[in-house]
Amino acid sequence: MNKNEFTEYVKELLEPYGSVAVCAMFGRYGIYKGGVMIGIIKSNELYFKSDLSTYEYFQSCGSESFVYQSKGKLVTLSYRKVLPEIMEDQE
1 MNKNEFTEYV KELLEPYGSV AVCAMFGRYG IYKGGVMIGI IKSNELYFKS
51 DLSTYEYFQS CGSESFVYQS KGKLVTLSYR KVLPEIMEDQ E
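Set out below in structure tokens:
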């Protein structure tokens, strides 16, 4: 699946939850709902914003954190990868 196809696929999956905007940013895509960034698409992988209430759930599923490199250092953000099997269950 190319980037545009995956982005459209994610928008379709999220459609039942209301309108979302997907915007290109730094070679990735940000997913916004109500003006708030709730997710990131990177290399055909979906990451959702995580907080203290969802962290343990994502951990128990084996979900990885969103990590990127900046100025030679790894930066970890509070976004967690949505596993492919979870996305497939939504189809």
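Just so you know, we're using the UniProt record's numbering here: the sequence shown kicks off at 1 and counts up by one. All C-beta atoms, glycine included, are put in the ideal place defined by N, C-alpha and C.
Give every residue of the same chain whose Cβ lies closer than 8 Å to the Cβ of residue i, excluding the five residues on either side of it in the sequence, and list them in chain order.
| i | result |
| --- | --- |
| Leu-83 | Cys-61, Gly-62, Ser-63 |
| Val-67 | Leu-74, Val-75, Thr-76, Leu-77 |
| Asp-51 | Ser-78 |
| Val-22 | Thr-7, Val-10, Lys-11, Tyr-29, Gly-30, Ile-31, Tyr-32, Ile-41 |
| Gly-18 | Lys-33 |
Which of the three DSSP states is assigned to residue i in this structure?
| i | result |
| --- | --- |
| Lys-81 | strand |
Use the C-beta contact count for residue i: other C-beta atoms within 10 angstroms, 16 or more gives buried, fewer gives exposed.
| i | result |
| --- | --- |
| Gly-35 | exposed |
| Lys-73 | exposed |
| Val-10 | buried |
| Lys-81 | buried |
| Tyr-29 | buried |
| Ile-31 | buried |
Can you find a CB in chain D that lies within less than 8 Å of the CB of residue i?
| i | result |
| --- | --- |
| Glu-5 | The displayed structure is made up of one protein chain only, and chain D is not part of it. |
Answer yes or no: do residue i and residue j have a C-beta to C-beta separation smaller than 8 Å?
| i | j | result |
| --- | --- | --- |
| Gly-39 | Phe-26 | no |
| Leu-14 | Met-87 | no |
Which residues in the same chain as residue i place their Cβ atom closer than 7 Å to its Cβ, once the five residues preceding and following it in sequence are excluded?
| i | result |
| --- | --- |
| Glu-56 | none |
### Task
Could I get the ranges of all uninterrupted alpha helix (DSSP H) runs contained in the UniProt domain "TfoX N-terminal" (12 to 91), with 4 residues as the minimum, in chain order?
52 to 60, 84 to 89
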